[in-house]
Amino acid sequence: MIELSSKQYAELAALADREAGLFLPETKIAFVASRLQRRLRATRLDDFGSYLKLLHSTSQDGQAERRAFVTALTTNVTQLFREPHHYELLATHHERHQTRTSSGGRKYQVWSAGCSSGEEALSIAARCYNSLGRDWNRQVSILASDVDQSVLQTARDRPAKVAVGAQLLAYCGLAGADDASKDRRAAEFHDFLTQGIEFCQHNLLHELPRDDRFDAIFCRNVTIYFSRAAQDHVHRLLCNRLLDGGLLALGHSERLTGHDETMIQVGRTAYIRNRASDISAFKKDRLQCH
1 MIELSSKQYA
11 ELAALADREA
21 GLFLPETKIA
31 FVASRLQRRL
41 RATRLDDFGS
51 YLKLLHSTSQ
61 DGQAERRAFV
71 TALTTNVTQL
81 FREPHHYELL
91 ATHHERHQTR
101 TSSGGRKYQV
111 WSAGCSSGEE
121 ALSIAARCYN
131 SLGRDWNRQV
141 SILASDVDQS
151 VLQTARDRPA
161 KVAVGAQLLA
171 YCGLAGADDA
181 SKDRRAAEFH
191 DFLTQGIEFC
201 QHNLLHELPR
211 DDRFDAIFCR
221 NVTIYFSRAA
231 QDHVHRLLCN
241 RLLDGGLLAL
251 GHSERLTGHD
261 ETMIQVGRTA
271 YIRNRASDIS
281 AFKKDRLQCH
């Protein structure tokens, strides 16, 4: 394995923080050296000094490698229906806001921020299907974003769609008979839900390059890898993208930072923005969510 010096590691850690908000303490040096061996082989470089020169380059190759560098250091751990209490909160929240969105002639908008390979977005879609039926995507729109283009490609063209689709069917009570058509039904249901999701590449350190504001944002188990300054910055950006009364769900190990008093906790790592009526209603449900 090609060795990584402390000085080189400090330079890589600073770059990871600047590019993606990743917090890499000195104790992670072995982890980073191991993760980047593949990048050294891919770029045909023999040492980390040469690799750092490439990362700092303003060329197209340098820009592309900085993206690959972030991807190599990102841990993608995801599964369907993780932290299920958030999906129940989402269903309740949508029900309470249905009149407001339908009367305004718009869809209820959800953002899965840091979506990895799309399991969270699919879980949101399945929960909406349970509440609204096959026409769910006429009432709800889902944006799913991640900094890693490779996991987004997996989300769009999932190689294991039959296995994932079978779990989605079971969750929605549609598993049906265990017959020759079960794999086809699973793949079709996976594709049906995926069609209601828009996937895009986005770095959470930056403003979302569109004007949308959202009724609900899920950003779970993403910022735990960030520095405190990056956490504050990202949480502030997310809160500013919520409509009044909007719901924000974070991961089980995360706490909201970098926000003002308009964000009120209403459940396990769940927050509502601003509207007193929404906050009061959700506080009544908190015992059900703990």
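Residue 1 is where the sequence shown starts when you use full-length UniProt numbering, and the numbers rise one by one after that. Note that the Cβ used here is the ideal one computed from N, Cα and C, for glycine as well.
Within the same chain, show all residues whose beta-carbon is closer than 8 Å to that of residue i, passing over the 5 residues directly before and after it, in chain order.
i, result
"A68", "R39 and A42"
"L287", "Confidence at L287 is low in this model, with a pLDDT of 38, below 50, so its placement is unreliable and the value that follows should be read with caution. Cβ within range, chain order: n/a, list empty."
"H190", "L122, R158, K161, V162, V164, G165 and L168"
"I2", "A33, Q37, L40, D46, D47 and F48"
"A187", "K161, V162 and G165"
Just tell me which of the options has its CA closest to the CA of residue i.
i, options, result
"L168", "A121, A16, N221 and M1", "A121"
"I197", "I264, K107 and A72", "K107"
"P25", "E11, K53 and E19", "E11"
"L164", "N130, N203 and S117", "The residue you asked about is not Leu; residue 164 is Val in the sequence shown. Of the candidates N130, N203 and S117, the one whose C-alpha sits nearest the C-alpha of V164 is S117."
"T257", "F189, I224, V110 and R138", "I224"
"T71", "N274, I264 and G114", "G114"
"F226", "W111, S181 and E254", "E254"
"D105", "A91, Q139 and E95", "As written in the sequence, residue 105 is Gly, which differs from the Asp given in the question. Looking at the Cα atoms, Q139 is the closest of the given residues."
"T269", "D191, L90 and R44", "L90"
"R228", "R18, K7, S5 and S6", "R18"
"T92", "E261, L238 and G246", "G246"
"A13", "G133, R66, A144 and E188", "R66"
"W111", "A144, D183, Q8 and L152", "A144"
"R134", "G62, R44, S181 and Q195", "Q195"
"E261", "R236, G267 and D179", "R236"
Please list the terminal residues of the continuous beta strand (DSSP E) segment that includes residue i.
i, result
"G246", "L242 to L250"
"Q201", "I197 to Q201"
"I29", "Segment I29 to T43 is the alpha helix (DSSP H) holding I29; no beta strand (DSSP E) there."
"G267", "M263 to G267"
How would you write the range of the alpha helix (DSSP H) that residue i sits in, first residue to last?
i, result
"L152", "Q149 to R156"
"C128", "E119 to L132"
"R138", "W136 to Q139"
"F48", "F48 to H56"
"R220", "Here R220 belongs to no alpha helix (DSSP H), and DSSP marks it neither H nor E."
"Q79", "Run containing Q79: none; DSSP gives neither H nor E here."
"Y108", "No alpha helix (DSSP H) contains Y108, which is instead part of the beta strand (DSSP E) from Y108 to A113."
"A270", "Taken as a continuous stretch (DSSP letters only), A270 belongs to no alpha helix (DSSP H), being part of the beta strand (DSSP E) at A270 to R273."
"D183", "K182 to T194"
"T257", "Per DSSP, T257 belongs to no alpha helix (DSSP H) and is neither H nor E."
"A175", "Note, A175: premise wrong, no alpha helix (DSSP H); not H, not E."
"E207", "No alpha helix (DSSP H) holds E207; DSSP gives it neither H nor E."
"D17", "S6 to A20"
"D179", "No alpha helix (DSSP H) contains D179, which DSSP labels as neither H nor E."
"D212", "Per DSSP, D212 belongs to no alpha helix (DSSP H) and is neither H nor E."
"G62", "Q60 to L73"
Apart from the five residues on each side of it in sequence, which residues of its chain come closer than 7 Å, Cβ to Cβ, to residue i?
i, result
"R156", "F199"
"L73", "A16, L22, V32 and R35"
"L205", "A20, G21, A230, H233 and V234"
"Y271", "L248, L256, M263, I264 and Q265"
"D183", "V162"
"N203", "A20 and V147"
In its own chain, which residues sit with a C-beta less than 6 Å from the C-beta of residue i, not counting the 5 before and 5 after it?
i, result
"W136", "C128 and Y129"
"Q149", "Q201"
"V222", "G114"
"L80", "E119, S123 and Q167"
"S57", "none"
"Y9", "I29"
"Q63", "none"
Can residue i and residue j be called in contact, C-beta distance under 8 Å?
i, j, result
"T78", "E119", "yes"
"R241", "I217", "yes"
"A125", "I142", "yes"
"S131", "H94", "yes"
"R220", "L193", "no"
"F214", "Q109", "yes"
"I29", "L4", "yes"
When the cut-off is 8 Å and only beta carbons count, does residue i lie next to chain B?
i, result
"R38", "The structure shown has no chain B; it contains just one protein chain."
Touch test, the segment 172-183 against the segment 207-216, Cβ-Cβ under 8 Å, three pairs minimum: Taking 8 Å as the limit for Cβ pairs, the verdict is that the segment 207-216 does not touch the segment 172-183.
Cβ contact check for the segment 81-90 and the segment 43-58: 3 or more pairs under 8 Å: Counting Cβ pairs under 8 Å, fewer than three are found: no touch.
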